Amino acid sequence: MKLLFRQRIFSWLDSYDIFDENGETVYTVKGQLSFGHKLFIYDRYNEHVGTIKEEILTFLPRFSLYEKDQYIGKITKEFTLFKPSFILDYKDWQIEGNFWEWDYQIVDYSGNIIGLINKEIFHMSDTYSLTIEHEEDAFYVLMIVLAIDAQKCSRNK
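Quick note: the sequence shown, position 122, residue 433 per this note's numbering, numbers continuous.
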């Protein structure tokens, strides 16, 4: 399964559209004004399906993840020197990026690929292509890319 993640250019708060392979909107993400990033994810029927909240006052970036309103876990950036790395605690997934922080690979504890995240560089706004091995993991891969993009935004302020 493939998804295209595109940030809206003219938006005061974080705002994203996520499209499937047919160009149809699958998810919409809207940011809320708060300390740290707070992102609400809506499905194609405009129903709230998830939330990502940045935890502030932490040494390394960390985000709490919610499916609907139920806390499911967190994604935490690890301390590394050259390549970014994250841990998703509730699925035992590890996320590793390349030196430029444009491409990421998500693997499970056995080394099986869950998904690939590739930043498309010739766009006016942040645009990522997501390749997901199993459709049931698409929502969780989306949460990962939202957290990665949010921590990059926070760092660049």
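The beta-carbon is built from N, C-alpha and C at its ideal position, and this holds for glycine as well.
Predicted model, so just to flag it, every value in this text is computed and none were measured.
DSSP state of residue i, grouped into three classes?
i	result
I352	strand
S322	Because the pLDDT of S322 is 48, which lies under 50, any placement of that residue in the model is unreliable, and the number read from its coordinates should be weighed accordingly. Three-state DSSP puts S322 in coil, outside helix and strand.
K468	The predicted position of K468 is uncertain, since its pLDDT is 48 and thus under 50; a value taken from the coordinates is nonetheless stated next. Of the three classes helix, strand and coil, the one that applies to K468 here is coil, per DSSP.
K463	helix
I425	strand
E378	strand
E407	strand
How would you write the range of the beta strand (DSSP E) that residue i sits in, first residue to last?
i	result
Q416	D414 to V418
Y401	That residue, Y401, is in no beta strand (DSSP E); it is neither H nor E in DSSP.
D328	S326 to F330
Report the option in the options whose CA atom is closest to the CA atom of residue i.
i	options	result
D380	D448, W404 and F351	F351
K349	K388, Q416, I363 and V340	I363
D331	L344, R317, E412 and G342	R317
T391	L371, D403, D400 and G384	L371
Y401	G384, K394, N357 and I417	G384
Closer than 8 angstroms by C-beta to residue i: which residues in its own chain qualify, once you throw out the five before and the five after it? Chain order, please.
i	result
K313	D331, E332, S440, L441, T442 and I443
CB-CB under 7 angstroms to residue i, same chain, minus the five flanking residues each way: which ones, in chain order?
i	result
Y338	I329, I352, Y353, D354 and L453
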